[in-house]
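**Student:** Residue 4 in UniProt numbering is what sits at position 4 of the sequence shown, and the numbering runs on without skipping anything. Ideal Cβ positions, reconstructed from N, Cα and C, are used throughout, including at glycine.
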Amino acid sequence: MRKRILLVTLLVSVVGVLFLSILFSAVFYGQTVERTFSELKIYMNVYEAGYASLPPDEEQAQALSEELGGARVTFLSETGEVLADTGGAEDNHVTREEVQQALLTGEGRSVRTSATLRESMLYYCRAFEQGDTLLLVRLAVPARSGLAIFAESLPTVVWFLVVDILCCLFVAWLATSFVLRPVEQLTQEAALSGGKEVRTKYAELAPIAKMINLMNADLHEKVEKMNEDRRLEKLILNSIEHGIVIFRDPSDVILINRTAKRLLDYEVNEPVPCFVNDREIVAVLEAGENAALVRKINGRYYSFRFTFNEKSRVLLITDVTETTAAAISKNDFIANVTHEMNTPLTSIRGFAELIGAGTMPPDKLKGAADTIIRQSDRLANLIRSIINFSAIDSDELPDYEVDLSELLREIVASFEPKIAEKKISLTFEAEEGVKVLSRRERLLEIINNLVSNGIRYNKEGGALKILLSGGDCPKLVVADTGIGIAEEDKSRIFDRFYTVDKSHNGAGGGFGLGLAIVKKLCRRAGWQLSVESELGKGTAFTILFSAQKK
Ligand code: ADP
Numbered sequence: 001m002r003k004r005i006l007l008v009t010l011l012v013s014v015v016g017v018l019f020l021s022i023l024f025s026a027v028f029y030g031q032t033v034e035r036t037f038s039e040l041k042i043y044m045n046v047y048e049a050g051y052a053s054l055p056p057d058e059e060q061a062q063a064l065s066e067e068l069g070g071a072r073v074t075f076l077s078e079t080g081e082v083l084a085d086t087g088g089a090e091d092n093h094v095t096r097e098e099v100q101q102a103l104l105t106g107e108g109r110s111v112r113t114s115a116t117l118r119e120s121m122l123y124y125c126r127a128f129e130q131g132d133t134l135l136l137v138r139l140a141v142p143a144r145s146g147l148a149i150f151a152e153s154l155p156t157v158v159w160f161l162v163v164d165i166l167c168c169l170f171v172a173w174l175a176t177s178f179v180l181r182p183v184e185q186l187t188q189e190a191a192l193s194g195g196k197e198v199r200t201k202y203a204e205l206a207p208i209a210k211m212i213n214l215m216n217a218d219l220h221e222k223v224e225k226m227n228e229d230r231r232l233e234k235l236i237l238n239s240i241e242h243g244i245v246i247f248r249d250p251s252d253v254i255l256i257n258r259t260a261k262r263l264l265d266y267e268v269n270e271p272v273p274c275f276v277n278d279r280e281i282v283a284v285l286e287a288g289e290n291a292a293l294v295r296k297i298n299g300r301y302y303s304f305r306f307t308f309n310e311k312s313r314v315l316l317i318t319d320v321t322e323t324t325a326a327a328i329s330k331n332d333f334i335a336n337v338t339h340e341m342n343t344p345l346t347s348i349r350g351f352a353e354l355i356g357a358g359t360m361p362p363d364k365l366k367g368a369a370d371t372i373i374r375q376s377d378r379l380a381n382l383i384r385s386i387i388n389f390s391a392i393d394s395d396e397l398p399d400y401e402v403d404l405s406e407l408l409r410e411i412v413a414s415f416e417p418k419i420a421e422k423k424i425s426l427t428f429e430a431e432e433g434v435k436v437l438s439r440r441e442r443l444l445e446i447i448n449n450l451v452s453n454g455i456r457y458n459k460e461g462g463a464l465k466i467l468l469s470g471g472d473c474p475k476l477v478v479a480d481t482g483i484g485i486a487e488e489d490k491s492r493i494f495d496r497f498y499t500v501d502k503s504h505n506g507a508g509g510g511f512g513l514g515l516a517i518v519k520k521l522c523r524r525a526g527w528q529l530s531v532e533s534e535l536g537k538g539t540a541f542t543i544l545f546s547a548q549k550k
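(1) According to the neighbour-count rule (16 or more other Cβ atoms, all chains shown, within 10 Å of its Cβ), is residue 476 buried or exposed?
(2) Please work out which residues of its chain come closer than 6 Å, Cβ to Cβ, to residue 21, disregarding the five sequence neighbours upstream and downstream, and give them in chain order.
(3) Whole angstroms is fine: what's the gap from residue 464's alpha carbon to residue 483's?
(4) Give the secondary structure of residue 356 by DSSP, where H, G and I count as helix, E and B as strand, and everything else as coil.
(5) Assuming residue 137 and residue 128 are in contact, meaning their beta carbons sit under 8 Å apart, how far apart are those beta carbons, in whole angstroms?
(6) With a CB to CB cut of under 8 Å and the five nearest residues on each side skipped, what residues in its chain are close to residue 52?
(7) Within a Cβ cutoff of 7 Å, which residues of the same chain sit near residue 507, ignoring the five residues on either side of it in sequence?
(8) When you measure from the CB of residue 456 to every non-hydrogen atom of the ligand ADP, does any distance come out below 7 Å?
(9) Beta carbon of residue 480: closer than 7 Å to some heavy atom of the ligand ADP?
(10) What is the residue span of the beta strand (DSSP E) that residue 137 lies within?
(11) Taking only heavy atoms of the ligand ADP into account, decide whether any of them is closer than 7 Å to the Cβ of residue 513.
(12) Tell me whether residue 36 is buried or exposed, calling it buried when 16 or more other Cβ atoms sit within 10 Å of its Cβ.
(13) If you draw a straight line from the alpha carbon of residue 353 to that of residue 347, how long is it in whole angstroms?
(14) DSSP three-state call for residue 480: helix, strand or coil?
(15) Write down every uninterrupted run of the beta strand (DSSP E) in the stretch 333 to 394 whose length is 3 residues or greater and which is fully enclosed by it, in chain order.
(16) Between which two residues does the beta strand (DSSP E) holding residue 67 run?
(17) If we require 3 or more residues per run, which beta strand (DSSP E) segments fall completely within the stretch 39 to 122?
(18) Which residue's Cα is closest to the Cα of residue 164: 14, 474, 536?
(19) Taking C-beta to C-beta, are residue 100 and residue 87 nearer than 8 Å?
(20) Three-state secondary structure (DSSP) at residue 538?
(21) Classify residue 446 as buried or exposed, calling it buried when 16 or more other Cβ atoms lie within 10 Å of its own Cβ.
(22) Could you tell me the alpha carbon to alpha carbon distance between residue 424 and residue 453, rounded to whole angstroms?
(23) Using only the alpha-carbon positions, how far apart do residue 459 and residue 416 sit?
(24) Would you call residue 488 buried or exposed, if buried means 16 or more other Cβ atoms sit within 10 Å of its Cβ?
(25) Any heavy atom of the ligand ADP closer than 7 Å to the Cβ of residue 331?
(26) Please identify the residue among 325, 71, 408 whose C-alpha is closest to the C-alpha of residue 302.
(27) Does the beta-carbon of residue 587 have 16 or more other beta-carbons within 10 angstroms, so that it is buried, or is it exposed?
(28) Please classify residue 1: is it buried, with 16 or more other beta-carbons within 10 angstroms of its beta-carbon, or exposed?
(29) Inspect the CB distances between the stretch 257 to 277 and the stretch 231 to 240 and report whether three or more fall short of 8 Å.
(30) When the Cα of residue 467 is compared with those of 247, 461, 451, which residue comes out closest?
(31) Should residue 400 go down as buried or exposed, given a rule of 16 or more other Cβ atoms within 10 Å for buried?
(32) Restricting to runs no shorter than 3 residues, where is the beta strand (DSSP E) found entirely within the stretch 257 to 334?
(33) Tell me whether the beta-carbon of residue 543 lies closer than 8 Å to the beta-carbon of residue 522.
(34) Is residue 247 near residue 199, with beta carbons less than 8 Å apart?
(35) Could you check whether residue 479 and residue 540 sit closer than 8 Å to each other, using their CB atoms as the reference points?
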């Protein structure tokens, strides 16, 4: 802005000076012409006084010219014929402007270029009566043109121009500084205000200050909104359990949420470790095609799904431990079931073949039949467990009040032979009339599983406690002094098909479905199932029948 003001000032002053110079030259030229004509008139008086009585010949003309300091003197007849001329002209001058005027009015003047001398001249002509005729006397001096005057004054004008430009620049600089300082101060204040109100003591700048304040307020509001949005986005991103990474390349991460940071061990300003160390991921990034991988981190399985956009790449990390574990346990189950089914089936088929061939000694027939029955029972047990487990989800039968004390007594009684067989000392304490809202078959399934496990995983001569208390929240405890469960297995014993000791599957132990069924039934009913156990010392399962439906 200052530059612009200086330029405009400069232009105006240069044009002004040039214009004034031309104007002065023109005025000066006009004045010079007038003054010269006045002088020529005075010269004419000199002629009138000293030469008018003398003959108008070359000698007189020369003498007059010398007296007038070299002015050109021409004597003309009234027909324009040149009688004498110090300029050397001989042709008829009747057409000359000053001659024409003199013939008409007695005197005439003109400024023009002389046809004889080829230079600009000022002519003054007067008519004198000489008897019957007229004598025309013309005096002429060289005239300086306006352009010549201007050209002569040019060096002075240039000097003046230089001084004028310097002065103008200095004054303009001072003026702009003076005018612009408040504006600069206001700008500076606005820049440093940090969104606070800007004030000015100059009334002319008040609208600008007002506008800045309005803009500041608007900006502040927008920034606040943006920050709020960002906070919200961050909150959402950080609260979702999935990991999200948006990146351009391994070291150019645009966005990463808390879960992804934790799972990928991400450090700011460092490349994402697995993006440069994991060969398969490196290959996926190089190929730039959408892909999904599964990675195990801290004992859990995560799906890494890469999506490639034009400008960025997105990695979505999802915990697939449950589905992976289910798939694994399903495979285990299929392997176990096939294995477990295979053993009794082979045995049943072997004995059946022997009996069919009639080669078996009669005294061994009963033993063979017992084996066939035992193996068939195991097969039936396995099938029953699987059916029970899958039937829970589709069980929509209505609940009713079940006398848990009575049911428990019946179940304990049914297990007495096994308890005795293993020489287990039983403590059974059940409050009378404890009622639970459920179905008999479900409670039967739960208690059967817990009690049978308490016997199965007990030591020979161990102890088994079955305690039932009533109240608002009935509580059942089944505690044994058996082999106990290791800490690392505790969380998994409720998984489907999970058995601590695989070698016991189907023989002394079951198929890992019992506790899974118990857990599923308790969860559906809203009961709290917990386990306390110490390896080698024993295990206690507790059920709090807390959420009693009415
Ligand atoms: P299973 O039919 O194999 O007993 P469960 O689901 O009932 O299947 O139990 C799962 C696993 O939990 C068992 O294989 C066993 O290792 C462990 N377990 C269950 N109950 C007890 C207990 N009372 N004492 C020690 N281990 C137990």
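**Tutor:** On the basis of the data shown:
(1) Locating residue 476 in the sequence shown gives position 476, where the first residue counts as 1. By the neighbour-count criterion, in which a residue is buried when 16 or more other Cβ atoms sit within 10 angstroms of its Cβ, residue 476 is buried.
(2) Within the sequence shown, the letter at position 21 stands for residue 21. Same-chain partners within the cutoff: 157.
(3) What you label residue 464 is simply residue 464 of the sequence shown in a count that begins at 1. What you label residue 483 is simply residue 483 of the sequence shown in a count that begins at 1. The C-alpha of residue 483 is placed about 12 Å away from the C-alpha of residue 464.
(4) What you label residue 356 is simply residue 356 of the sequence shown in a count that begins at 1. It is helical.
(5) Against the sequence shown, residue 137 aligns to sequence position 137. Against the sequence shown, residue 128 aligns to sequence position 128. Contact flag correct, Cβ pair sits at about 6 Å.
(6) Mapped onto the sequence shown, residue 52 falls at position 52. The residues are 128.
(7) As a first step, residue 507 is located in the sequence shown; it is residue number 507 there, counting from the start. Residue confidence for residue 507 is low, a pLDDT of 45 falling below 50, so the modelled location carries little weight; the figure read from the coordinates is stated next. Within the same chain, residue 507 has no close Cβ partners at all.
(8) Translated into positions along the sequence shown, residue 456 becomes position 456. Remark: the shortest separation between the CB of residue 456 and any heavy atom of the ligand ADP falls under 7 Å.
(9) Along the sequence shown, one-based indexing puts residue 480 at 480. Yes - the ligand ADP has a heavy atom lying nearer than 7 Å to the Cβ of residue 480.
(10) Looking up residue 137 in the sequence shown gives position 137. Counting along the chain, residue 137 sits inside the beta strand (DSSP E) bounded by residues 133 to 142.
(11) As a working mapping, residue 513 is identified with position 513 in the sequence shown. Yes, the beta carbon of residue 513 sits closer than 7 Å to at least one heavy atom of the ligand ADP.
(12) Taking the first residue of the sequence shown as 1, we reach residue 36 at position 36. Label assigned to residue 36: buried.
(13) In the sequence shown, the residue the question calls residue 353 occupies position 353. In the sequence shown, the residue the question calls residue 347 occupies position 347. Rounded to the nearest whole angstrom, the C-alpha separation of residue 353 and residue 347 is 10 Å.
(14) Within the sequence shown, residue 480 is the residue found at index 480, counting from 1. Reduced to three states, the DSSP call for residue 480 is strand.
(15) With a minimum length of 3 residues, no continuous beta strand (DSSP E) run stays inside the stretch 333 to 394.
(16) The residue given as residue 67 occupies position 67 in the sequence shown. Run containing residue 67: none in the beta strand (DSSP E); it sits in the alpha helix (DSSP H), 58 to 67.
(17) Restricted to the stretch 39 to 122, the beta strand (DSSP E) segments that are unbroken, complete and at least 3 residues in length are 72 to 77, 82 to 85, 107 to 113, listed in chain order.
(18) Stepping through the sequence shown from its first residue, residue 164 is reached at position 164. Of the candidates 14, 474, 536, the one whose C-alpha sits nearest the C-alpha of residue 164 is 14.
(19) Reading the sequence shown from its first residue, position 100 is the one you call residue 100. Reading the sequence shown from its first residue, position 87 is the one you call residue 87. Residue 100 places its beta carbon 8 Å or farther from that of residue 87.
(20) Sequence index remark: in the sequence shown, residue 538 carries index 538 (1-based). Residue state for residue 538 is assigned as strand, using DSSP reduced to three classes.
(21) What you label residue 446 is simply residue 446 of the sequence shown in a count that begins at 1. Buried: at least 16 other Cβ atoms inside 10 Å.
(22) For the purposes of this step, residue 424 is taken as residue 424 along the sequence shown, with counting starting at 1. For the purposes of this step, residue 453 is taken as residue 453 along the sequence shown, with counting starting at 1. Residue 424 and residue 453: Cα-Cα distance of roughly 13 Å.
(23) Within the sequence shown, residue 459 is the residue found at index 459, counting from 1. Within the sequence shown, residue 416 is the residue found at index 416, counting from 1. One C-alpha to the other measures close to 16 Å.
(24) Locating residue 488 in the sequence shown gives position 488, counting from the first residue. With fewer than 16 Cβ atoms within 10 Å of its Cβ, residue 488 is classed as exposed.
(25) The residue labelled residue 331 in the question sits at position 331 within the sequence shown. Checking every heavy atom of the ligand ADP against the Cβ of residue 331, none is found closer than 7 Å.
(26) Numbered from 1 along the sequence shown, position 302 holds the residue referred to as residue 302. Checked all of 325, 71, 408; the closest Cα to residue 302 is 325.
(27) Past the edges of the chain, shown from 1 to 550, lies residue 587, and the structure says nothing about it.
(28) Residue mapping note: residue 1 aligns to position 1 of the sequence shown, counting from 1. By the neighbour-count rule (16 or more Cβ atoms within 10 Å), residue 1 is not buried but exposed.
(29) Yes, the stretch 257 to 277 is in contact with the stretch 231 to 240.
(30) Taking the first residue of the sequence shown as position 1, residue 467 is located at position 467. Measuring from the Cα of residue 467, the nearest candidate turns out to be 451.
(31) As a position in the sequence shown, residue 400 is number 400, starting the count at 1. So residue 400 counts as exposed.
(32) Complete beta strand (DSSP E) runs here, min 3: 291 to 297, 300 to 308, 313 to 319.
(33) Translated into positions along the sequence shown, residue 543 becomes position 543. Translated into positions along the sequence shown, residue 522 becomes position 522. The criterion of a C-beta distance shorter than 8 Å is satisfied by residue 543 and residue 522.
(34) Here the question's residue 247 lines up with position 247 in the sequence shown. Here the question's residue 199 lines up with position 199 in the sequence shown. With respect to the 8 Å criterion, residue 247 and residue 199 are not classified as neighbours on the basis of their beta carbons.
(35) Indexing the sequence shown from 1 puts residue 540 at position 540. Indexing the sequence shown from 1 puts residue 479 at position 479. Contact: yes.
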